[in-house]
């Protein structure tokens, strides 16, 4: 092998040794997110929400007594904050009403009254991120339900359903159409059993209203 050939191989080897770290750096360096598609930690959803109650309850001291409630559909807003891509907190806001009817052994007494219901619910969620645009999640949290604008019906007066805390469980998914917009399906179970009182003539009745509703919602997601 001549001196020129040896010199050429030496130059080639030096070039390869110099280039290898730069190539490796290009291959293994993390890719920066596209600024046009990046989003922040906030998310809002607007849903149509079906409220489906358990239809159970009682009047103290009356065997076989029961209660039933009207089911409703209402608009709902929730606000979420993502601490990480997987962990988020969600606050659910909405209001609806419930008509309260006697049932079971006291069904003949008819309608007790009507109350409006404001049940803000805070859940901590885990979001699964390995299914592409399909993003399922599960959650659990706490609900505080306020009953307001209560009115009586028939022979009943002074209806009072007491505000109460309850637990909440949640499952749902977002299907993202792009980085910001998506569609949502969500189901929550609230464990909600407030105490209540009302007068029937001169007799004061008390008991437990076992609402325990399912909240089934569908709507639009916006991530920003």
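Numbering (mature numbering (1 follows the signal peptide of the UniProt record, and there is no 0)), first residue to last: -24 to -1, 1 to 200. Note that beta-carbon positions come from the ideal geometry of N, C-alpha and C, so glycine has one too.
If you ignore the 5 residues before and after residue 117, its C-beta comes within less than 7 Å of the C-beta of 97, 98, 99, 100, 144, all in its own chain and listed in chain order.
For residue 43, the uninterrupted beta strand (DSSP E) run begins and ends at 41 to 45, by DSSP.
Its chain contains 74, 75 as the residues whose beta carbon lies nearer than 7 Å to that of residue 46, once the 5 sequence neighbours on both sides are disregarded; these appear in chain order. Of all alpha-carbon atoms in 183, 122, 191, the one lying nearest the alpha-carbon of residue 147 is that of 191. At a cut-off of 3 residues, the continuous stretches assigned as beta strand (DSSP E) that sit fully inside the segment 82 to 161 are 87 to 94, 97 to 103, 110 to 128, 132 to 137, 140 to 152. Assigned with DSSP and collapsed to three states, residue 71 falls in coil, not helix or strand. Pairing residue 33 with residue 186 gives a Cβ-Cβ distance under 8 Å. The way I'd put it, the segment 123 to 133 doesn't touch the segment 55 to 64; fewer than three beta-carbon pairs between them come closer than 8 Å.
The segment 84 to 92 makes no contact with the segment 101 to 120, as fewer than three CB pairs between them are under 8 Å.
Three or more beta-carbon pairs separated by less than 8 Å are not found between the segment 169 to 182 and the segment 12 to 27, which leaves the two stretches without contact. Proximity to residue 80 across 158, 173, 38 peaks at 38, based on C-alpha coordinates.
Less than 8 Å separates the beta-carbon of residue 20 from that of residue 198.
Counting only residues of its own chain and dropping the five nearest sequence neighbours on each side, residue 195 has a CB closer than 7 Å to the CB of 21, 22, 23, 24, 160. In the structure shown, the three-state DSSP call for residue 26 is strand. The residue among 71, 175, 139 with its C-alpha nearest the C-alpha of residue 131 is 175. Counting of Cβ neighbours within 10 angstroms places residue 77 among the buried residues, the total reaching 16 or more. According to the DSSP assignment, residue 36 belongs to no beta strand (DSSP E), since it is labelled neither H nor E. Following the DSSP letters along the chain, one finds residue 175 inside the beta strand (DSSP E) bounded by residues 171 to 176.
Secondary structure at residue 181: strand, using DSSP grouped into helix, strand and coil. The continuous beta strand (DSSP E) containing residue 48 extends over residues 48 to 58.
Its chain contains 31, 77, 79 as the residues whose beta carbon lies nearer than 7 Å to that of residue 44, once the 5 sequence neighbours on both sides are disregarded; these appear in chain order. Taking the Cα of residue 172 as reference, the smallest distance to any Cα among 90, 71, 40 is reached at 90. In the DSSP assignment, residue 187 falls outside any beta strand (DSSP E), carrying neither H nor E.
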